[in-house]
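Take a look at the structure below.
Residue numbers (the numbering used here): 5 to 144.
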């Protein structure tokens with residue numbers, strides 16, 4: 005019976021093969037601080053390292069992203085995320101970092117000390133499917 009089957013599933017008895025989707029939906033990185041901080045150089049350093057890590061993963065997987073997201077968590081565990089989408093897909097750490105910093109500033113997310121800061125990208129596309137650029141795109 006379906007009820008008996010659900011009970012077995014609830015107790016971890018499930019012999020069905022696990023189906024994993026191969027599609028990566030997003031790539032992100034987070035840092036949780038030992039002590040809450042609002043020190044700008046520390047936060048920028050974290051974002052820079054996260055952008056480098058994300059860009060490396062994008063490059064290795066031959067992906068590019070249309071959306072950049074920042075995540076902050078405060079000492080009281082309030083968590084906020086903000087994102088921006090761009091017209092040209094991104095793969096470069098410098099651009100991901102700059103958009104992350106821009107989001108933090110625009111949204112005034114560092115108005116009190118942070119427990120966690122994170123950076124991520126989504127709306128991924130295979131890099132070889134990217135439209136060729138003439139190098140005339142607007143600088144961010």
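Each residue gets a CB set at the ideal place from its N, CA and C atoms; glycine is no exception.
**Asked** So, are the CB atoms of residue 98 and residue 55 less than 9 Å apart?
**Response** yes
**Request:** Using a threshold of 9 Å, state whether the C-beta atoms of residue 124 and residue 33 are closer than that.
**Result:** yes
**Asked** Alpha carbon to alpha carbon, how far is residue 131 from residue 101?
**Response** 19 Å
**Asked** Excluding sequence positions up to five away, which residues of its chain have a Cβ less than 8 Å from the Cβ of residue 105?
**Response** The residues 48 and 51, in chain order, have a CB closer than 8 Å to that of residue 105 in the same chain once the five nearest residues on each side in sequence are set aside.
**Item:** Reduced DSSP category for residue 86 - H, G, I as helix; E, B as strand; rest coil
**Value:** strand
**Asked** To which residues of the same chain is residue 96 closer than 7 Å at the C-beta, ignoring the five residues directly before and after it?
**Response** 59
**Prompt:** Taking residue 115 as the reference, which of 89, 69 and 82 has the closest Cα?
**Reply:** 82
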